[in-house]
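Chains P and L are the protein sequences, given in the same order. Reading the first sequence from the start, the letters are residues 16 to 129 in the working numbering. Reading the second sequence from the start, the letters are residues 26 to 141 in the working numbering. Structure, as structure tokens:
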Amino acid sequence: DSGVTQTPKHLITATGQRVTLRCSPRSGDLSVYWYQQSLDQGLQFLIQYYNGEERAKGNILERFSAQQFPDLHSELNLSSLELGDSALYFCASSPSGDKRQPQHFGDGTRLSIL
Amino acid sequence: AQKVTQAQTEISVVEKEDVTLDCVYETRDTTYYLFWYKQPPSGELVFLIRRNSFDEQNEISGRYSWNFQKSTSSFNFTITASQVVDSAVYFCALSEASTGANNLFFGTGTRLTVIP
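See the structure below:
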């Protein structure tokens with residue numbers, strides 16, 4: 016158990032809809048990361064937050080947004096969903112965002128778009 | 026630009042055989058960090074090891090060992106006496122010190138199947 020909690024584990028929805036994925040980092044970790052794992056793109060970094068502030072952006076679509084709340088949990092919002100958004104979405108956390116610190120991943124949320 | 030290559034897409038071995046998973050990376054940074062993660066069939070990503078670019082000492086942890094060679098930009102992972110529980114997809118990843126972001130660049134993974 017990594018200590019990172021993601022909910023829900025599975026999500027099935029339709030094209031055009033909007034969903035919210037939730038992540039609770041390990042106790043004491045201030046930095047949260049979101050990754051997308053798909054068959055065609057592999058594991059890709061989406062966005063990083065550190066102590067409530069956006070720290071870095073990767074290949075995140077404009078239809079996607081995220082935030083980190085004062086209690087340090089994070090949410091990833093995906094809107095106007097398309098079939099290609101079907102993927103496994105991972106959240107990871109680390110203590111401070113220092114690159115020497117490994118990121119610990121949650122179990123992921125599997126999103127299926129019908 | 027940074028890149029991580031795991032040329033072996035799938036490997037099958039018989040239980041108790043040794044197996045080496047290859048990882049080759051590209052980076053212009055002199056300071057960087059390399060990682061291995063395991064993704065078992067249940068889907069979660071499990072951290073295995075981190076290596077700093079300035080520390081080429083090989084590491085052993087039980088049946089696992091890692092060989093880091095800067096001269097060939099490789100960070101290979103060997104499992105000795107493989108077991109069925111080792112069946113998983115293994116990812117090599119890179120983080121560069123110069124970029125402001127602390128994101129990991131992952132390879133495409135190697136699917137290891139250990140046959141009983």
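No residue lacks a Cβ here, since even glycine has one placed at the ideal position from N, Cα and C. Just so we're clear, the structure is a prediction, and the values are computed from it rather than from any experiment.
Judged by DSSP secondary structure, Lys28 of chain L falls within the beta strand (DSSP E) whose first and last residues are Lys28 to Thr30.
When Cβ pairs closer than 8 Å are counted between the two stretches, the segment 86 to 101 of chain P is seen not to touch the segment 112 to 119 of chain P, the count staying below three. Counting only the Cα atoms, Ala29 of chain P lies some 38 Å from Cys48 of chain L.
DSSP places His25 of chain P inside the beta strand (DSSP E), whose first and last residues are His25 to Thr28.
Taking the Cα positions, Thr124 of chain L is about 24 Å away from Asn101 of chain L. Of the candidates L:Glu35, L:Ser37, L:Asp43 and L:Thr34, L:Asp43 places its Cα closest to the Cα of Ser107 of chain L. Beyond the five residues adjoining it in sequence on each side, Asp54 of chain L comes within less than 6 Å, by CB distance, of Glu121, Ala122 and Ser123 in the same chain, given in chain order. In this model, Tyr64 of chain P and Leu126 of chain P are separated by some 22 Å (Cα to Cα). Nearest to Leu96 of chain P by alpha-carbon distance, out of P:Val19, P:Ile27 and P:Thr22, is P:Ile27. Separation of Val34 of chain P and Asn92 of chain P (C-alpha to C-alpha, rounded to the nearest whole angstrom) is 6 Å. Per DSSP, the unbroken beta strand (DSSP E) holding Leu58 of chain P starts and ends at Gly57 to Tyr65. Taking C-alpha positions only, Phe84 of chain P is separated from Gly73 of chain P by approximately 20 Å. Cβ neighbours of Gly67 of chain P within its own chain (closer than 6 Å, five residues either side excluded): Gln83. By alpha-carbon distance to Tyr57 of chain L, the top candidate from L:Glu69, L:Val29 and L:Glu40 is L:Val29. In the three-state reduction of the DSSP assignment, Lys63 of chain L falls in the strand class, which pools E and B.
For Leu93 of chain P, no Cβ of chain L is located within less than 8 Å of the residue's own Cβ. The criterion of a C-beta distance shorter than 8 Å is not satisfied by Leu129 of chain L and Leu46 of chain L. Any Cβ of chain L closer than 8 Å to the Cβ of Ser46 of chain P would place that residue at the interface, and such an atom is present. By DSSP's assignment, Arg37 of chain P forms a beta bridge with P:Thr22 and P:Glu90.
The three-state secondary structure of Lys95 of chain L, taken from DSSP, is helix.
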